[in-house]
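Numbering (my numbering), first residue to last: 400 to 825.
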C-alpha cells in the first residue's frame with residue numbers, strides 16, 4: 400500500500416526514481432549513522448548514500464566550516480576560476496593524501512559527479528595514446544552517461560543508452576569464470592595474438608572492488624599483474640575509485656595495499672565529505688596534455704564542496720582513522736562469516752573488503768527480501784549484483800561499535816525470519 404506521504408512523488412516524479420521504491424518513506428533528518436522519517440521513525444543507515452557519505456550525515460566539523468563559509472558570503476560558483484577555497488583544498492589534498500603516499504598527480508575537476516570523472520579519464524586516455532578502444536571488465540559499473548555506460552557491464556543499464564555502445568572490449572574480471580581460469584593470461588593472449596580481433600587499447604578501466612556489480616574484490620596479485628600488462632603494452636591504467644575509494648575499502652585509495660600506481664584515478668562520492676557534488680580526476684603529470692578549456696563544465700568548481708572536502712581530509716592527518724576502519728572492517732567480516740555458518744539455508748558467500756562487504760546468495764530473490772525486511776525493522780541496506788543476489792553493508796566509516804552491533808542484530812533477525820520457515824518444512 401502506498402504511503403500517503405509518497406503520493407506527491409508518484410504523481411509528479413518520473414518513473415525513473417528507484418531508491419524510494421526500496422525505502423518507501425519520506426525522510427526528514429539525518430545525523431551520523433542514523434536517519435529519521437517524517438513520522439519520527441529512526442533508521443540505521445547501512446547504505447551511506449551508495450558510498451557518498453563515508454563520514455556519515457552532517458559531520459559537526461564539516462557543518463561548522465560550511466555554515467561559516469556561507470555566512471561570510473564565500474563564493475559558491477566560479478567555474479574553474481582560482482578561489483581561496485579551491486587553493487586550500489588542493490594544498491590539503493597534496494599534503495595529506497598524495498605526498499605521504501609518494502604519489503604525484505595533477506588534479507582535474509571534470510564536473511561534479513562520478514560519471515563526469517570517468518568520461519574525462521576515457522577522453523584523455525584516447526587523446527594521449529591516439530587509440531580508440533578501451534578494455535573494461537565484466538560486472539564493472541562506471542556511470543550512466545554514454546562513455547561510462549560503454550564500459551559498464553550491466554545489460555539493463557546498457558540497454559537504456561538507446562544506441563550501440565562501441566569502442567570497448569569486455570574482458571573477464573578476477574574469478575569471473577572460476578578460480579581455475581587465469582583471466583590475466585586470457586586477457587594477454589588476446590593482446591598478443593594478431594588474429595584475436597582485439598586491438599591494443601588506449602586504456603583499461605577497473606574497480607578494485609566492484610560495488611554495483613556484486614561486491615567482487617580483485618586479488619592484489621591480480622591487480623599487480625593487470626598493471627604489468629598495461630605497462631608492457633603501453634596501455635593506460637584507469638582505476639575507478641568513485642565508490643571504493645576515500646577509505647571505503649580500508650585505505651584512502653582502494654589500490655594502496657596492492658602497490659600499484661594507476662595512470663589515472665577517478666574519485667567522487669565521498670571526496671566532498673558531506674555528500675555535496677564533487678569529482679576529481681587524478682592524472683600523472685606527463686599525461687596532462689589538455690588544451691585550456693578542452694574539457695570543461697559549468698559546475699566543475701563547487702566551492703562549498705571544497706570547504707567540506709578540505710575539512711574531511713583532517714581525518715587522514717594521522718593513522719588513527721585508518722586503524723579504526725580496519726578494526727571495524729574485521730568486525731563486519733566476522734559477523735558476515737558467522738551469519739553464513741549459522742544459516743546454511745542462505746547458501747551464502749561473503750564478498751568484498753573493508754566497509755564494502757556483503758553476502759551473495761543464489762536463492763532467487765532472497766537478498767532483496769532480506770533488505771526489505773531489514774528496512775521494516777529500521778535498517779537501510781542495498782542489494783547489488785546482476786541479479787540483486789548480494790545484500791551489502793555500507794555503513795559510514797565513522798559508525799560506532801554500538802551502531803554496528805545494532806545493525807548486525809537487525810540483519811540477523813531479517814535473515815532468521817526468512818530462512819527458518821524453509822528449514823521447518825524440510
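Idealized CB from N, CA, C, for every residue including glycine.
Worksheet item: Would you say residue 600 and residue 637 are within 8 angstroms of each other, going by their C-beta atoms?
Response: no
Fill in: Status (buried if at least 16 other CB within 10 Å, exposed otherwise) for residue 773
buried
Worksheet entry | Proximity below 8 angstroms, CB of residue 652 to CB of residue 644 | Taking a C-beta distance under 8 angstroms as the contact criterion, residue 652 and residue 644 qualify as a contact pair.
Practice prompt. Can you grab the Cα-Cα spacing for the pair residue 410 / residue 542, in whole Å?
Written response: 27 angstroms
Worksheet item: Would you report the Cα separation of residue 580 and residue 504, rounded to the nearest angstrom?
Response: 35 angstroms
Discussion item. Could you tell me the alpha carbon to alpha carbon distance between residue 762 and residue 627, rounded to whole angstroms?
Written reply: Distance between the alpha carbons of residue 762 and residue 627: 38 angstroms.
Item to complete: With distances taken Cα to Cα, identify the nearest neighbour of residue 539 among 783, 747, 803, 816.
Response: 783
Worksheet item: Should residue 434 be labelled buried (16 or more other beta-carbon atoms within 10 Å of its own) or exposed?
Response: buried
Worksheet item: Quick check: the segment 666 to 676 against the segment 482 to 490, are there 3 or more CB pairs under 8 angstroms?
Response: Contact fails between the segment 666 to 676 and the segment 482 to 490, because fewer than three Cβ pairs, one in each stretch, are under 8 angstroms apart.
Worksheet item: To the nearest angstrom, how far is it from the Cα of residue 361 to the Cα of residue 623?
Response: Lying outside 400 to 825, the shown extent of the chain, residue 361 is not represented and no answer is given.
Item to complete: Assign residue 565 to buried or exposed, taking buried as 16 or more other Cβ atoms, counted over all protein chains shown, within 10 Å of its Cβ.
Response: exposed
Worksheet item: Among 567, 530, 526, 537, which residue has its Cα nearest to the Cα of residue 545?
Response: 567
Worksheet item: Which parts of the segment 727 to 761 are runs of the beta strand (DSSP E), unbroken and 3 residues or longer, counting only runs that do not cross its ends?
Response: Counting only runs of 3 or more, we get 748 to 752, 755 to 759.
Worksheet entry | Rounded C-alpha distance that separates residue 809 from residue 816 | 11 angstroms
Worksheet entry | residue 719, buried or exposed, once every other Cβ within 10 Å from all chains shown has been counted against 16 | exposed
Worksheet item: Between which two residues does the beta strand (DSSP E) carrying residue 666 extend?
Response: 663 to 666
Worksheet item: Name the DSSP beta bridge partners of residue 429, please?
Response: 434
Worksheet item: Are the segment 524 to 540 and the segment 611 to 621 in contact at 8 angstroms, needing three or more beta carbon pairs?
Response: yes
Discussion item. With the cut-off set at 8 angstroms, would you say residue 793 and residue 445 are in Cβ contact?
Written reply: For the 8 angstroms CB-CB criterion, residue 793 and residue 445 form a contact.
Worksheet item: Around the Cβ of residue 807, are there at least 16 other Cβ atoms within 10 angstroms (buried) or fewer (exposed)?
Response: buried
Fill in: Top-ranked residue by Cα proximity to residue 602, from 742, 472, 526
526 is the residue among 742, 472, 526 whose C-alpha sits nearest the C-alpha of residue 602.
Practice prompt. Enumerate, from N- to C-terminal direction, the unbroken alpha helix (DSSP H) stretches of 4 or more residues contained entirely within the segment 501 to 542.
Written response: You should have 513 to 528.
Worksheet entry | Sheet register partners of residue 782 (DSSP bridge) | 790
Worksheet entry | Residue interval of the beta strand (DSSP E) (run including residue 442) | 441 to 444
Worksheet item: Near residue 821, what residues of its chain come up, given a Cβ to Cβ distance below 8 angstroms and the 5 sequence neighbours on each side ignored?
Response: Confidence is the limiting factor: at residue 821 the pLDDT is only 48, short of 50, which leaves the residue's position unreliable, though a coordinate-based value still follows. Only 744 meet the Cβ criterion.
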